[in-house]
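Trainee: Sharing a structure below in structure tokens format, with a few things to ask.
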Amino acid sequence: MRNQLFQLPIATPDGQFVARYSEKGLAELNFPQAGTPRRGVRSKNSSGARRTPRRGVPTTVMRSHRKTVAALKNALAGRRAKSLPPLDLMGTEFQKRIWNALRKISAGKTKSYGEIAQAIGHPRAVRAVGGACGANPIPVLVPCHRILAAHGKIGGFGGGLDWKRKLLEREGIVV
DNA sequence: CATCAAAAACTCC
DNA sequence: GGAGTTTTTGATG
690 MRNQLFQLPI
700 ATPDGQFVAR
710 YSEKGLAELN
720 FPQAGTPRRG
730 VRSKNSSGAR
740 RTPRRGVPTT
750 VMRSHRKTVA
760 ALKNALAGRR
770 AKSLPPLDLM
780 GTEFQKRIWN
790 ALRKISAGKT
800 KSYGEIAQAI
810 GHPRAVRAVG
820 GACGANPIPV
830 LVPCHRILAA
840 HGKIGGFGGG
850 LDWKRKLLER
860 EGIVV
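Structure, rendered in structure tokens:
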């Protein structure tokens, strides 16, 4: 079991996102509809899933939530957020490196999995990079959708390929 | 606890 | 279309 995460909804024109925060910051962000469609994730929906305690939420979490909402809306509008909320990324060092590299990508630009692999010093681990992107807990804010396959192909996307295309088109990126 | 085996949002021949 | 590379995850001894 991880630390207790506070789960809060985010209403956007595209639906209701679900964000989960630790006391350090944003830990996870999910698309509307599907709960956790990532592979290999067993999400027993028993009482283990902590719902939204509208109060009893630490002020740090509320602050992160406010920033997250602003950043998410900006991102959905096709613009990069001026400032992201504090992120509490949980994963292996390899994944953290990749996610950190993803955050460096400016809005309206794309990179390939190979580019990311080279950026983190494992030029052959392109496949693993794809896996790490799929394990990215915070899509949109960590722009995993700006990663395209080598030959300009769309690649894949955990939250659904339609989302990826939509996000890319909103940023003016044509595939 | 250490080891083996399979899968993955890729890339090159 | 097939083989190659790397990491993660679940099963096995």
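Using my numbering, read the first sequence as starting at 690 and increasing by one per residue.
We treat Cβ as the ideally placed atom computed from N, Cα and C, and that holds for glycine.
1. Measuring only the C-alpha atoms, how far is G715 from G704?
2. Decide yes or no for the touch test of the region 800-819 against the region 782-789: beta carbon pairs closer than 8 Å, at least 3 of them.
3. Can A796 and R769 be called in contact, C-beta distance under 9 Å?
4. Classify L857: buried if its beta carbon has 16 or more other beta carbons within 10 angstroms, exposed otherwise.
5. Give the secondary structure of S711 by DSSP, where H, G and I count as helix, E and B as strand, and everything else as coil.
6. Give the straight-line distance between the Cα atoms of N643 and R816, rounded to the nearest whole angstrom.
7. Rounded to the nearest angstrom, how far is the Cβ of V818 from that of N825, given a contact under 8 Å?
8. Rounded to whole angstroms, what is the Cα-Cα separation between V863 and R792?
9. Straight-line CA distance for L837 to A766?
10. Does DSSP classify A738 as helix, strand or coil?
11. To the nearest angstrom, how far is the alpha carbon of G803 from that of G745?
12. Give me the DSSP bridge partner(s) of I699.
13. So what's I836 in DSSP terms, helix, strand or just coil?
Mentor: In terms of the structure at hand:
1. Along the first sequence, read from residue 1 onward, the residue named residue 715 stands at position 26. Along the first sequence, read from residue 1 onward, the residue named residue 704 stands at position 15. Here residue 715 is Leu; the residue named in the question, Gly, does not match the sequence. L715 and G704: Cα-Cα distance of roughly 19 Å.
2. yes
3. Locating residue 796 in the first sequence gives position 107, where the first residue counts as 1. Locating residue 769 in the first sequence gives position 80, where the first residue counts as 1. Cβ atoms of A796 and R769: closer than 9 Å.
4. If you number the first sequence from 1, residue 857 lands on position 168. By the 10 Å Cβ count, L857 comes out buried.
5. Along the first sequence, one-based indexing puts residue 711 at 22. Coil at S711, not helix or strand.
6. Nothing can be reported for residue 643: it is not among the residues displayed for the chain, which extend from 690 to 864.
7. Here residue 818 is taken as the residue at index 129 of the first sequence, counted from 1. Here residue 825 is taken as the residue at index 136 of the first sequence, counted from 1. Not quite, the Cβ-Cβ distance comes to about 11 Å (not below 8 Å), so this is no contact.
8. The count along the first sequence starts at 1 and reaches residue 863 at position 174. The count along the first sequence starts at 1 and reaches residue 792 at position 103. Whole-angstrom Cα-Cα distance: 20 Å.
9. Walking along the first sequence from the start, residue 837 turns up at place 148. Walking along the first sequence from the start, residue 766 turns up at place 77. Distance between the alpha carbons of L837 and A766 is about 20 Å.
10. Here the question's residue 738 lines up with position 49 in the first sequence. Because A738 sits at a pLDDT of 49, beneath the cut-off of 50, its placement in the model cannot be relied upon, and the following sentence gives the value as read from the coordinates. If DSSP states are grouped into helix, strand and coil, A738 belongs with coil.
11. Locating residue 803 in the first sequence gives position 114, counting from the first residue. Locating residue 745 in the first sequence gives position 56, counting from the first residue. Using only the alpha carbons, I get a separation of about 44 Å.
12. If you number the first sequence from 1, residue 699 lands on position 10. For I699, which the question treats as bridged, DSSP gives the partners F706.
13. One-based indexing of the first sequence puts residue 836 at position 147. Note: I836 maps to strand in three-state DSSP.
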